[in-house]
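Participant: Quick one: the structure is below, questions incoming.
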Amino acid sequence: MATNNKLIERFREIDSSVNQNLADDNSPLKLGLAVLTISKNNFGVEYLSLKEISEALDRMGISVNRLSISRAFSRAGNKVRSKREDNVKKYKVMILGQRLIENLITIGGLEIYHVQKGKPRTTRKKLSELLKTLKGIIRICDPYYGIKTLDVLEMFSKNTNVKFLTARTNERPRRLSNAVSDFKTEYSNVEIRKYPNPSELHDRYIISSNNLIIIGHGIKDIGGKESFIFQFEKNMVKDLMDTLTKHFDNKWENAIQI
2 MATNNKLIER FREIDSSVNQ NLADDNSPLK LGLAVLTISK NNFGVEYLSL
52 KEISEALDRM GISVNRLSIS RAFSRAGNKV RSKREDNVKK YKVMILGQRL
102 IENLITIGGL EIYHVQKGKP RTTRKKLSEL LKTLKGIIRI CDPYYGIKTL
152 DVLEMFSKNT NVKFLTARTN ERPRRLSNAV SDFKTEYSNV EIRKYPNPSE
202 LHDRYIISSN NLIIIGHGIK DIGGKESFIF QFEKNMVKDL MDTLTKHFDN
252 KWENAIQI
């Protein structure tokens with residue numbers, strides 16, 4: 002299979018501070034995992050061959066023997082997954098692999114936060130810090146909502162216009178309805194709408210005028226399961242933000258106010 006040259010050349014764009022971090026670490030395993038993570042999160046390509054990983058590192062100014070990466074991956078366990086595509090073995094980074102190198106890749110325009118299972122208070126504190134950096138109208142899409150969702154929505158300043166789009170709940174209707182009613186009395190800056198076609202609502206994200214945040218787990222249960230939070234600066238994902246905003250607004254117009 003031919004190398005994806007256009008993808009590989011994009012690794013020249015990676016911030017030099019990331020390159021320095023990786024070069025200083027000089028671990029074949031971490032270097033390989035870093036390339037897979039950057040490819041997945043920045044460029045939307047999950048599987049890469051050893052040749053592509055080696056050439057991507059070369060574009061970043063880092064020289065690593067391809068065999069060293071292969072040997073490291075063979076001992077990596079659940080940190081990577083492999084498959085054969087046109088008789089070429091390719092690799093994908095898994096959550097355990099991302100966790101191992103998350104502190105090494107502070108990519109310009111992207112921050113990655115590891116959400117640890119069983120640490121809801123720590124995670125909510127981190128989420129609160131992230132939300133305080135957002136500007137403009139805040140659009141939040143999350144298929145499920147509940148009473149704990151309101152705890153997150155309270156993190157925003159009362160001067161911030163927040164639109165929360167959701168579709169389903171697993172909680173008792175009367176109890177939830179009373180909680181939402183009390184919330185609306187105090188937080189008139191937050192509007193909650195329920196989309197009538199739940200199957201069309203499956204992504205979890207937050208859009209502001211300056212950032213896009215993608216959350217791997219519903220905000221009402223954040224910290225209950227292991228996942229990641231990805232924060233992108235607008236200049237990095239402007240086209241994606243424009244598309245998501247358009248889709249959000251279309252659904253918002255057809256949603257029912259709660």
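Count the sequence shown with our numbering and you get residues 2 to 259, in order.
A virtual CB, placed ideally from N, CA and C, is assigned to each residue, including glycine.
Measure the C-alpha to C-alpha separation of N79 and T186 and round it to an integer number of angstroms.
Facilitator: Those two C-alpha atoms are separated by around 48 Å.
Participant: Thinking just about the alpha-carbon of each residue, which of N66, K149 and Q232 is nearest to the one in I215?
Facilitator: Of the listed residues, the one whose Cα sits closest to I215 is Q232.
Participant: Among G224, Y188 and Y145, which residue has its Cα nearest to the Cα of R205?
Facilitator: R205 has its Cα closest to that of Y145, out of G224, Y188 and Y145.
Participant: Tell me the DSSP secondary structure of Q343 in three-state form.
Facilitator: The displayed coordinates of the chain run from 2 to 259. Any statement about residue 343 would go beyond what the structure contains.
Participant: L37 and K93: beta carbons closer than 8 Å?
Facilitator: A contact, by the Cβ cut-off of 8 Å.
Participant: Got a sec, what are the start and stop residues for the beta strand (DSSP E) N212 sits in?
Facilitator: N212 -> beta strand (DSSP E) spans N212 to I216.
Participant: With DSSP run on the structure shown, which of helix, strand or coil describes T244?
Facilitator: Note: T244 maps to helix in three-state DSSP.
Participant: In the DSSP assignment, what residue or residues form a beta bridge with E234?
Facilitator: Bridge partners of E234: N212.
Participant: Please indicate yes or no: does the CB of R85 lie closer than 7 Å to some heavy atom of the ligand FAD?
Facilitator: As presented, the structure is devoid of all ligands, the ligand FAD included, so that no description of it is given.
Participant: Which residue wins for smallest C-alpha separation from I102, given the options Y114, S189 and A168?
Facilitator: The shortest Cα separation from I102 among Y114, S189 and A168 belongs to Y114.
Participant: With H, G and I counted as helix, E and B as strand and the rest as coil, what does DSSP make of E266?
Facilitator: The displayed coordinates of the chain run from 2 to 259. Any statement about residue 266 would go beyond what the structure contains.
Participant: Is it a yes or a no for the segment 192-211 touching the segment 163-175, going by three-plus beta-carbon pairs under 8 Å?
Facilitator: With the cut-off at 8 Å, the segment 192-211 and the segment 163-175 touch.
Participant: By a C-beta neighbour count over all protein chains shown, 10 Å radius and 16 as the cutoff for buried, is K7 buried or exposed?
Facilitator: By the neighbour-count rule (16 or more Cβ atoms within 10 Å), K7 is not buried but exposed.
Participant: Let me check one thing: in DSSP terms, what residues is F229 bridge-paired to?
Facilitator: Answer is H115, bridged to F229.
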